[in-house]
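S.K.: Residue numbers (the numbering used here): 2 to 390.
For each residue, glycine too, the CB sits at the ideal point set by N, CA and C.
Nothing here was measured: the structure is a model prediction, and the numbers come from that model.
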Ligand SMILES: *Cc1c(COP(=O)(O)O)cnc(C)c1O
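1. Per DSSP, which residues does residue 264 bridge with? Please list them.
2. Classify residue 5 as helix, strand or coil using the three-state DSSP reduction.
3. Taking only heavy atoms of ligand 1 into account, decide whether any of them is closer than 8 Å to the Cβ of residue 68.
4. Return the chain-ordered list of same chain residues with a C-beta closer than 6 Å to the C-beta of residue 189, the five sequence neighbours on each side being excluded.
5. Indicate the three-state DSSP secondary structure (helix, strand or coil) for residue 237 in the structure shown.
6. Under a three-way DSSP split, which group does residue 46 fall into?
7. Suppose only complete runs of 3+ residues qualify. What are the beta strand (DSSP E) ranges in the region 318-344, listed by chain order?
8. Using the C-alpha atoms, what's the distance from residue 42 back to residue 5?
9. Less than 8 Å between C-beta atoms, sequence neighbours within five positions excluded: which residues of the same chain meet that for residue 410?
10. Take residue 313 as the anchor and find which of 268, 112, 244, 380 has the nearest alpha-carbon.
11. Using a Cβ-Cβ cutoff of less than 8 Å, which residues in the same chain neighbour residue 343 once the five nearest sequence positions on both sides are dropped?
12. Who sits around ligand 1, taking every residue whose Cβ is closer than 7 Å to one of its heavy atoms?
13. Using only the alpha-carbon positions, how far apart do residue 81 and residue 281 sit?
14. By how many angstroms is the C-alpha of residue 321 removed from the C-alpha of residue 69?
15. What is the residue span of the beta strand (DSSP E) that residue 179 lies within?
16. Thinking C-alpha only, which one of 338, 302, 389, 165 is nearest residue 131?
17. Return the chain-ordered list of same chain residues with a C-beta closer than 6 Å to the C-beta of residue 234, the five sequence neighbours on each side being excluded.
18. Less than 9 Å between CB atoms is the rule here; does residue 333 satisfy it with respect to chain C?
19. Between which two residues does the beta strand (DSSP E) holding residue 357 run?
20. Going by the beta-carbon positions, is the gap between residue 139 and residue 160 smaller than 9 Å?
21. At which residues does the alpha helix (DSSP H) containing residue 110 begin and terminate?
22. So residue 285 is in the alpha helix (DSSP H); what residue range does that whole segment cover?
23. When the distance is taken between beta carbons, is residue 255 closer than 9 Å to residue 113?
24. Alpha helix (DSSP H) containing residue 143: first to last residue?
25. If contacts are defined as beta-carbon pairs under 8 Å, then residue 352 and residue 383 qualify, I think. What distance do you get, rounded to the angstrom?
26. Name, in chain order, the residues that DSSP records as bridge partners for residue 183.
27. Touching or not, the region 117-135 and the region 82-94, by the rule of three or more beta carbon pairs under 8 Å?
28. Do residue 336 and residue 354 have their C-beta atoms closer together than 9 Å?
29. Taking 9 Å as the cut-off, decide whether the C-beta atoms of residue 247 and residue 101 are in contact.
30. Who are the Cβ neighbours of residue 258 in its own chain at under 8 Å, not counting the five residues just before and after it?
31. Which two residues bound the contiguous alpha helix (DSSP H) that contains residue 383?
32. How many Å lie between residue 208 and residue 27 at the Cα?
33. Output yes or no for whether 9 Å exceeds the beta carbon distance between residue 52 and residue 35.
34. Below 9 Å between beta carbons: does that hold for residue 199 and residue 309?
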C-alpha cells in the first residue's frame with residue numbers, strides 16, 4: 002500500500018475502533034534514529050517530545066534493543082511469587098541512583114503515585130494530602146485526587162479524597178493547609194504538564210523542613226523529571242533535598258510500560274500490602290537496566306545539562322516579541338508566550354519538528370537526551386519562525 006492509503010486507513014480504523022481520547026495529529030511513524038523520527042512518507046522530524054519524556058536514549062538505541070531481544074528470548078514475564086534476576090538488579094541500581102532504600106515496581110506514573118500515597122497513608126495512619134496548583138500526578142482515581150487541573154478531575158468527583166491544593170513555590174502555604182489528618186505532601190520538583198514551572202532554590206528545602214517538623218511524608222513525583230532529563234539523575238539532586246518517597250515512570254523502561262516507587266529506610270510495604278501482576282517483569286527490568294547503563298556510558302546526563310544550556314542561550318537570543326519567559330533545566334524547557342499557542346504544534350510539524358504545547362501558552366521541549374547542537378539550532382530556528390496565522 003502507498004503511504005497515502007496507509008495514512009487514510011489508519012485514521013479510519015482509529016476513529017472507528019479506538020476511544021477518541023487524544024486528539025491525534027495525522028502522522029504515522031515507521032521508525033527513527035537518535036533524535037529523529039521518520040514518517041511513512043519518509044519525511045524526517047526532529048523529535049522534541051520523546052514520546053512525552055520517555056525515549057531518553059533516542060530511537061533505535063542498539064544496546065536497548067539488544068537487551069529487550071535477549072531478555073525476550075529468555076523470559077518475558079514471571080509471577081511476583083518467584084524471584085527474578087533483572088528485577089533485583091534494577092532495584093539495586095534504582096536504589097543507588099535515587100539514594101533511597103527500597104523499590105516497588107509498577108507499570109505507570111499514575112500507578113506509582115497511587116502507590117506512594119497508599120504507602121504514606123499506611124505509614125502515618127492519616128488520609129489527606131497536600132498538592133500544588135497546576136500539579137499533574139496522573140489519571141487513576143487515586144492520582145487524579147492529587148492532580149490540580151479541574152478539566153481532568155471534575156467529571157469524576159467525588160474521588161477517594163482530593164488533595165488540598167496550595168500555591169506552587171510557596172512553602173508557607175503548605176504549613177497553613179496542613180491539619181491533623183494530613184499524611185503527606187506530593188509535588189513535582191519541576192511541574193511538567195503545569196507549564197514547566199521550576200521551583201525556586203529554597204522551596205524544596207523549606208518543604209522538607211515543614212514535613213520533618215510535622216511528621217508528613219514528602220513525595221517527589223519525578224515521573225517526568227527523572228533519568229537525566231534535567232541534567233542530573235533526578236531533579237531533586239539539583240537541590241540536595243531527599244524525599245521520603247520518589248516516584249518514577251516515563252523514561253525508566255526505555256519505552257516499555259514501567260513505573261517505580263523508591264522509599265527511604267524504614268518506609269516500606271510489607272507482605273500483602275500492595276501488588277501488581279506485571280510490575281517489575283524480567284523484560285521491563287532488563288530494558289530499564291539497559292537505559293540506566295546507556296545514560297551512564299554515553300554520558301547522557303552531561304549531554305542533557307550541556308544541551309539544555311545551549312538551548313537556553315539560543316532561545317534567549319531569538320527575536321520574538323511575544324515571549325513572557327523562557328525557562329528550563331537540562332532538556333526540560335518551556336517557552337511561555339503571551340497568548341494561547343496550540344497552533345505551534347501543527348506549524349512545527351510542517352517544518353519537521355515535533356514539539357508540544359502545555360498549559361495553553363507554554364511551548365514545551367523534551368527532546369531525547371542524545372540531541373545534538375545542529376538539531377537544537379534547527380529547532381530554535383523553527384520556533385523563531387512560527388507566527389500566528
Ligand atoms: C506523565 C506524568 C504522570 C503520569 O504518568 P502515566 O504513566 O501517564 O500514568 C505523573 N506525574 C507526572 C509528573 C507526569 O509527567
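M.R.: Short version:
1. As a position in the chain shown, residue 264 is number 263, starting the count at 1. Per DSSP, 103, 246.
2. Here residue 5 is taken as the residue at index 4 of the chain shown, counted from 1. Reduced to three states, the DSSP call for residue 5 is helix.
3. For the purposes of this step, residue 68 is taken as residue 67 along the chain shown, with counting starting at 1. Not so, every heavy atom of ligand 1 lies at least 8 Å from the Cβ.
4. Your numbering for residue 189 matches position 188 in the chain shown. Correct list, in chain order: 222.
5. Here residue 237 refers to the residue found at position 236 when the chain shown is read from its first residue. Correct three-state label for residue 237: helix.
6. The residue given as residue 46 occupies position 45 in the chain shown. Residue state, collapsed to three classes: strand.
7. Within the region 318-344, the complete beta strand (DSSP E) runs of at least 3 residues are 324-330, 333-338.
8. Within the chain shown, residue 5 is the residue found at index 4, counting from 1. Within the chain shown, residue 42 is the residue found at index 41, counting from 1. Cα-Cα distance, rounded: 8 Å.
9. Given that the chain is displayed from residue 2 to residue 390, the structure contains no residue 410 and the question cannot be resolved.
10. For the purposes of this step, residue 313 is taken as the residue at position 312 of the chain shown. Out of 268, 112, 244, 380, 380 has the C-alpha closest to the C-alpha of residue 313.
11. Locating residue 343 in the chain shown gives position 342, where the first residue counts as 1. Correct list, in chain order: 358, 361.
12. 53, 54, 109, 110, 111, 112, 114, 137, 138, 139, 140, 144, 189, 193, 194, 222, 224, 225, 250, 251, 260
13. Within the chain shown, residue 81 is the residue found at index 80, counting from 1. Within the chain shown, residue 281 is the residue found at index 280, counting from 1. Distance between the alpha carbons of residue 81 and residue 281 is about 8 Å.
14. Taking the first residue of the chain shown as 1, we reach residue 69 at position 68. Taking the first residue of the chain shown as 1, we reach residue 321 at position 320. Roughly 44 Å between the two C-alpha positions.
15. Locating residue 179 in the chain shown gives position 178, where the first residue counts as 1. Neither: residue 179 is in no beta strand (DSSP E) and is coded neither H nor E.
16. Residue numbering aside, residue 131 sits at position 130 when the chain shown is read from its first letter. The residue with the shortest Cα to Cα distance from residue 131 is 165.
17. If you number the chain shown from 1, residue 234 lands on position 233. Around residue 234: 98.
18. Among the chains in the structure shown there is no chain C, since it carries only a single protein chain.
19. Here residue 357 refers to the residue found at position 356 of the chain shown. Note, residue 357: beta strand (DSSP E), 357-359.
20. Translated into the one-based positions of the chain shown, residue 139 becomes position 138. Translated into the one-based positions of the chain shown, residue 160 becomes position 159. No.
21. In the chain shown, counting from the first residue as 1, residue 110 sits at position 109. Here the alpha helix (DSSP H) through residue 110 covers 110-125.
22. Here residue 285 corresponds to residue number 284 of the chain shown, with the count starting at 1. That run of the alpha helix (DSSP H) goes 283-298.
23. Position 112 of the chain shown, counting from 1, holds the residue named residue 113. Position 254 of the chain shown, counting from 1, holds the residue named residue 255. The Cβ atoms of residue 113 and residue 255 do not sit closer than 9 Å to each other.
24. On the chain shown, position 142 is the one that residue 143 refers to. That run of the alpha helix (DSSP H) goes 142-145.
25. The count along the chain shown starts at 1 and reaches residue 352 at position 351. The count along the chain shown starts at 1 and reaches residue 383 at position 382. That belief holds up - the Cβ atoms of residue 352 and residue 383 are roughly 5 Å apart, short of 8 Å.
26. In the chain shown, residue 183 corresponds to position 182, counting from 1. In DSSP, residue 183 forms a bridge with 129.
27. Between the region 117-135 and the region 82-94, the count of C-beta pairs closer than 8 Å stays below three; the two stretches do not touch.
28. Residue mapping note: residue 336 aligns to position 335 of the chain shown, counting from 1. Residue mapping note: residue 354 aligns to position 353 of the chain shown, counting from 1. For residue 336 and residue 354, no; Cβs fall outside 9 Å.
29. In the chain shown, residue 247 corresponds to position 246, counting from 1. In the chain shown, residue 101 corresponds to position 100, counting from 1. Contact: yes.
30. Working through the chain shown from its first residue, we reach residue 258 at position 257. Shown here for residue 258: same chain residues with a beta carbon closer than 8 Å to its own, the five before and five after excluded, namely 108, 109, 279, 285 in chain order.
31. Counted from its first residue, the chain shown places residue 383 at position 382. 374-386 is the extent of the alpha helix (DSSP H) around residue 383.
32. Numbered from 1 along the chain shown, position 207 holds the residue referred to as residue 208. Numbered from 1 along the chain shown, position 26 holds the residue referred to as residue 27. About 44 Å.
33. The residue you call residue 52 lines up with position 51 of the chain shown. The residue you call residue 35 lines up with position 34 of the chain shown. No, the Cβ-Cβ distance between residue 52 and residue 35 is not below 9 Å.
34. Counted from its first residue, the chain shown places residue 199 at position 198. Counted from its first residue, the chain shown places residue 309 at position 308. Their beta carbons are not under 9 Å apart, which means residue 199 does not touch residue 309 by this criterion.
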